[in-house]
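Accompanying notes for the structure given below.
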Amino acid sequence: GAVVSQHPSRVICKSGTSVKIECRSLDFQATTMFWYRQFPKQSLMLMATSNEGSKATYEQGVEKDKFLINHASLTLSTLTVTSAHPEDSSFYICSARDWEAPLQETQYFGPGTRLLVL
Amino acid sequence: AQSVTQPDIHITVSEGASLELRCNYSYGATPYLFWYVQSPGQGLQLLLKYFSGDTLVQGIKGFEAEFKRSQSSFNLRKPSVHWSDAAEYFCAVDMFSGGYNKLIFGAGTRLAVHP
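Heads up: the protein sequence lines correspond to chains F and S, in order. Number 35 in our numbering belongs to position 35 of the first sequence; there are no gaps in the numbering. So our numbering is basically just the index in the second sequence, starting at one, shifted up by 1000.
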């Protein structure tokens, strides 16, 4: 149980285009999902917290107009990188909390999406 | 300030040797503590977690960790390392900050295992 999927696993795009990454909780409902960014050989940095049916909460320094987050259902959150540039190339990882789990504090992570902007 | 510190960036051990990865945190309240492992190009897998109760917690793959409140530490241990344990290990603390709970990660420790 507690599986989180991401799609696509890898994407290459041209500079200036937009890319959408999906994060799904496959066997549980997730009222809260998180988006992280990880540069090579570095730790995960929280970008934003996504709550179902409400606006995402962005961490300081993260451009909300560039990284659009939508959490339209209890099992799906999307991250759209708008007008992507080479500096946006990174590994993007989502996670989700299981709302019905006895200890909601555990986050389950997706496998990540590697974005390369040319 | 709230933070998580993993002092060792790289650790190399021989297969069969014991392992201890260090983690220290700075947080005013009782923390929820986690260890995750990440293989190259992969997402994170939860090894173990501590919320309350027994301060020595057992995880998957033969790992264990001990919460020491007096030292603000949550070190990960394994008595005998296998070559497949080579990966990046992240300590994380669930903290209440900015109005909600969020995970703060340490910088990670890259483990190499010599045959």
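Where is the CB? At the ideal position from N, CA and C, for every residue including glycine.
Check residue i in the structure and name its three-state DSSP category.
{"i": "Arg1069 (chain S)", "result": "helix"}
{"i": "Glu1020 (chain S)", "result": "strand"}
Just list the residues that DSSP pairs residue i with in beta bridges.
{"i": "Phe34 (chain F)", "result": "F:Thr49 and F:Ser95"}
{"i": "Lys20 (chain F)", "result": "F:Thr80"}
{"i": "Lys1049 (chain S)", "result": "S:Phe1034"}
{"i": "Leu68 (chain F)", "result": "F:Thr80"}
{"i": "Ala1112 (chain S)", "result": "S:Thr1012"}
{"i": "Leu26 (chain F)", "result": "Answer by DSSP bridge pairing: none, since Leu26 (chain F) is not bridged."}
{"i": "Gln60 (chain F)", "result": "Answer by DSSP bridge pairing: none, since Gln60 (chain F) is not bridged."}
{"i": "Ser1025 (chain S)", "result": "According to the sequence displayed, residue 1025 (chain S) carries Tyr and not Ser. Beta-bridge pairing links Tyr1025 (chain S) to S:Val1004."}
{"i": "Thr113 (chain F)", "result": "F:Tyr92"}
{"i": "Gln42 (chain F)", "result": "According to DSSP, which records beta bridges pairwise, Gln42 (chain F) is partnered with nothing at all."}
{"i": "Val11 (chain F)", "result": "F:Leu115"}
{"i": "Gln107 (chain F)", "result": "F:Arg97"}
{"i": "Leu74 (chain F)", "result": "According to DSSP, Leu74 (chain F) bridges with nothing at all."}
{"i": "Gln1042 (chain S)", "result": "Answer by DSSP bridge pairing: none, since Gln1042 (chain S) is not bridged."}
{"i": "Ser5 (chain F)", "result": "F:Arg24"}
Check your understanding: Which parts of the segment 1054 to 1108 of chain S are runs of the beta strand (DSSP E), unbroken and 3 residues or longer, counting only runs that do not cross its ends?
Key -> Taking 3 residues as the shortest admissible run, the segment 1054 to 1108 of chain S contains the following complete beta strand (DSSP E) segments, listed from N- to C-terminal end: 1056 to 1058, 1064 to 1068, 1073 to 1078, 1087 to 1097 and 1100 to 1105.
Review point. Are the segment 69 to 81 of chain F and the segment 1060 to 1075 of chain S touching by the rule of at least three beta carbon pairs closer than 8 Å?
Key: Touching, no.
Exercise for review: Inspect the CB distances between the segment 34 to 41 of chain F and the segment 85 to 101 of chain F and report whether three or more fall short of 8 Å.
Suggested key: At 8 Å Cβ cutoff, the stretches touch.
Check your understanding: Are the segment 1057 to 1068 of chain S and the segment 8 to 23 of chain F touching by the rule of at least three beta carbon pairs closer than 8 Å?
Key -> Counting Cβ pairs under 8 Å, fewer than three are found: no touch.
Check your understanding: Going along the chain, which residues of the segment 37 to 53 of chain F sit with their C-beta nearer than 9 Å to a C-beta in chain S?
Key -> For chain S, the residues of the segment 37 to 53 of chain F that bring a beta carbon within less than 9 Å of one of its beta carbons are Gln38, Lys41, Gln42, Ser43, Leu44, Met45, Leu46, Thr49 and Asn51, in chain order.
Check your understanding: On the three-pair Cβ rule with 8 Å, is the segment 1001 to 1019 of chain S touching the segment 48 to 59 of chain F?
Key -> The segment 1001 to 1019 of chain S makes no contact with the segment 48 to 59 of chain F; the number of CB pairs closer than 8 Å stays below 3.
**Study point:** Residues from the segment 1022 to 1051 of chain S in contact with chain F, defined by Cβ distance under 9 Å
**Key:** Answer in chain order: Tyr1032, Phe1034, Tyr1036, Gln1038, Gly1041, Gln1042, Gly1043, Leu1044, Gln1045, Leu1046, Lys1049 and Phe1051.
Practice item. Could you tell me whether the segment 1022 to 1036 of chain S touches the segment 1083 to 1101 of chain S, where touching means 3 or more Cβ pairs closer than 8 Å? Key: Verdict: yes, contact present.
Review point. Quick check: the segment 2 to 16 of chain F against the segment 105 to 117 of chain F, are there 3 or more CB pairs under 8 Å?
Key: Yes, the segment 2 to 16 of chain F touches the segment 105 to 117 of chain F.
Review point. Going along the segment 67 to 88 of chain F in order, which residues come within less than 9 Å of chain S, judged by CB to CB distance?
Key: Residues passing the 9 Å Cβ filter: none.
Check your understanding: According to a CB-to-CB cut-off of less than 7 Å, which residues of the segment 1 to 27 of chain F neighbour chain S?
Key -> Those would be none; no residue qualifies.
Check your understanding: Between the segment 1080 to 1110 of chain S and chain F, which residues of the former have CB atoms less than 9 Å from a CB of the latter, in chain order?
Key -> Within the segment 1080 to 1110 of chain S, the residues whose Cβ lies closer than 9 Å to any Cβ of chain F are, in chain order, Glu1088, Phe1090, Ala1092, Asp1094, Gly1098, Gly1099, Tyr1100, Asn1101, Lys1102, Leu1103, Ile1104, Phe1105, Gly1106, Ala1107, Gly1108 and Arg1110.
Check your understanding: For the segment 79 to 90 of chain F against the segment 1045 to 1060 of chain S, are there 3 or more C-beta pairs whose distance is under 8 Å?
Key -> No, because fewer than three Cβ pairs between the segment 79 to 90 of chain F and the segment 1045 to 1060 of chain S fall closer than 8 Å, the two stretches do not touch.
Review point. Do the segment 23 to 32 of chain F and the segment 1009 to 1026 of chain S meet, that is, are 3 or more Cβ pairs less than 8 Å apart?
Key: The answer is no - the segment 1009 to 1026 of chain S does not touch the segment 23 to 32 of chain F, with fewer than three Cβ pairs under 8 Å.
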